[in-house]
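Peer 1:
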Amino acid sequence: MQLQLSTWQEVERYLEGSTGIVIPIGSAEQHGPNGLIGTDAICPEVIARSLGEAAGALIAPTISVGIAQHHLAFAGSMCLRPSTLIALMRDYVVSLSRHGFDRFYFLNGHGGNIATANAAFAEIHSDVSMLVREAPRPIRCRLANWWDGKGVKKLQAELYGDDEGQHATCSEVSVTQYAYPQAIKRVNFDGRAPEYSGIHDADDYRRRYPDGRIGSLPSLSTPEHGKRFHDAAVADLAENYRNFLEAV
Ligand code: NI
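Going by the working numbering, 140 is the number at position 136 of the sequence shown; the sequence numbering is gapless.
1. My understanding is that T120 touches P65, with C-beta atoms under 8 Å, so please give their C-beta distance in whole angstroms.
2. Which one of Q170, R196, S225 and G165 has the shortest CA to CA distance from G202?
3. When we look at the beta-carbon of A38 and count the other beta-carbons within 10 Å, is it buried (16 or more) or exposed?
4. Hey, quick one: how far does the alpha helix (DSSP H) through C174 stretch, first residue to last?
5. Compute every distance between the C-beta of H129 and the non-hydrogen atoms of ligand 1, then say whether any falls below 8 Å.
6. Helix, strand or coil: how does DSSP classify N112 here?
7. Quick check for students: name the residue ranges of the beta strand (DSSP E) that lie wholly in the stretch 11 to 36, counting only runs of 3 or more.
8. Taking the alpha-carbon positions, what's the L249 to R107 distance?
9. Can you list, in chain order, the residues of its chain with a C-beta nearer than 6 Å to that of A239? Leave out the 5 residues immediately preceding and following it.
10. Return yes when the Cβ of L62 is within less than 9 Å of the Cβ of S10, no when it is not.
11. I want to know whether the stretch 87 to 104 touches the stretch 66 to 73 - three or more CB-CB distances under 8 Å.
12. Write down the C-beta distance between I46 and T180 rounded to the nearest angstrom, noting that I regard them as a contact closer than 8 Å.
13. Helix, strand or coil: how does DSSP classify G104 here?
14. Would you mind sorting W12 into buried or exposed? The rule is 16 or more other CB atoms within 10 Å of its CB.
15. In its own chain, which residues sit with a C-beta less than 7 Å from the C-beta of H229, not counting the 5 before and 5 after it?
16. Measuring CA to CA, which of A58, E199 and P48 is closest to L221?
17. Following the continuous alpha helix (DSSP H) through R85, name the residue where it begins and the one where it ends.
18. Measuring alpha carbon to alpha carbon, tell me which residue in R144, L241 and R190 is nearest P227.
19. Identify the continuous beta strand (DSSP E) that holds N149 and give its terminal residues.
20. Cβ of R102 within 9 Å of Cβ of D131?
21. Are A58 and K158 closer than 9 Å when you measure CB to CB?
22. Do you know whose CA, among W150, Y182 and S22, lies nearest L241's CA?
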C-alpha cells in the first residue's frame with residue numbers, strides 16, 4: 005500500500021490496524037558507466053513496494069536525494085547537506101506522527117546516509133525527550149539497509165565474490181536492471197575498478213576512482229540477478245520489519 009496512491013480515509017483505516025510506515029531513503033549520485041544515477045533510491049523503493057505487500061505495510065514517498073558530496077565531480081549527481089537531510093527526516097516523522105504513526109522504518113539504499121540518519125534519529129528523540137510533543141506511544145525509528153540481510157549477503161558472495169565491490173556494486177546495478185529493463189546500459193569495462201582507498205571531497209574522489217566505481221565489475225549484473233536480490237531482500241526485510249513493529 006503506497007501513501008501516494010491512497011486516500012485519507014484509507015490511511016485512517018490502515019492506522020486502526022498498524023502504526024508502522026516504511027520510508028525508502030536513497031541518493032541521486034553517479035553509479036559508474038552502466039549504473040543509473042537513481043540507483044540508491046530505486047533499489048529501496050522497489051523493494052519497499054514488495055515489502056509493503058508481503059508485510060502489509062504502508063510505504064511513504066521516497067527520499068530520493070541524500071548525502072553524496074563526494075560524487076559531485078560527476079555530472080548529474082545531487083546532494084543534501086547533512087543538516088538538510090536531518091531536517092527532512094525529522095519533518096517526515098513529525099508530520100506523520102501527528103496522525104498516529106509511531107514506528108518509522110527507513111529502508112536505506114545508500115551507505116553514505118547512515119551516519120546522518122542516526123543523527124536525525126537523535127534529533128527526533130530529543131524532540132520527544134524535551135517534550136516538544138508528547139507521543140501516545142514512544143516513537144521508534146530504525147534504519148535498515150536493503151543489502152544487510154542474510155539472504156542478500158549470501159547471494160552477493162555466490163554470484164560475484166570480490167567483484168561485488170563497494171560502490172556501483174554488481175547487486176545494486178542488477179536490482180535497477182530488474183526494476184527498469186528499458187534503462188539497461190550496455191558498456192564494455194576494462195576490468196574491476198580501483199579498490200577502496202578512502203573518500204574525501206568530490207575532486208579527490210574522481211582522481212581516485214576515475215569512472216566512479218569502487219572495486220566493482222557491474223558488467224556481471226543482469227536483470228535476472230536483480231529479481232533474485234529483490235526477492236531475497238523482501239524476505240530478509242519482512243522478518244526484520246515485523247520484529248521492529250513488535251519491539252517495545
Ligand atoms: Ni549505490
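For glycine and all other residues, C-beta sits at the position ideal for the given N, C-alpha and C.
Peer 2: Per the coordinate set shown:
1. Going by Cβ atoms, the distance from T120 to P65 rounds to 19 Å, so no, they are not a contact pair.
2. Here the closest residue by C-alpha is Q170.
3. Sequence check: residue 38 is Asn here, not Ala. Buried.
4. Counting along the chain, C174 sits inside the alpha helix (DSSP H) bounded by residues C174 to A183.
5. Answer for H129: no, Cβ out of range of ligand 1.
6. In the three-state scheme derived from DSSP, where H, G and I count as helix and E and B as strand, N112 is classed as strand.
7. Here the runs fully enclosed are 24 to 29.
8. It is roughly 7 Å from the alpha-carbon of L249 to the alpha-carbon of R107.
9. Within the same chain, Cβ atoms closer than 6 Å to the Cβ of A239 are found at G155, the five residues on either side in sequence being excluded.
10. With contacts defined as CB atoms closer than 9 Å, S10 and L62 qualify as a contacting pair.
11. Yes: the two stretches touch, three or more of their Cβ pairs being nearer than 8 Å.
12. I46 to T180, Cβ: 5 Å. Contact.
13. DSSP, reduced to helix, strand and coil, places G104 outside both helices and strands of the structure shown, so it counts as coil.
14. By the 10 Å Cβ count, W12 comes out exposed.
15. Listed in chain order, the non-local C-beta contacts of H229 below 7 Å within the same chain comprise L163 and S178, local neighbours out to five positions each way being set aside.
16. Of the candidates A58, E199 and P48, the one whose C-alpha sits nearest the C-alpha of L221 is E199.
17. No alpha helix (DSSP H) contains R85, which DSSP labels as neither H nor E.
18. Nearest of R144, L241 and R190 to P227, Cα basis: R190.
19. R144 to N149 is the span of the beta strand (DSSP E), which, as asked, contains N149.
20. Result no, Cβ atoms of R102 and D131 do not sit closer than 9 Å.
21. Not a contact, by the Cβ cut-off of 9 Å.
22. Nearest option by C-alpha distance: W150.
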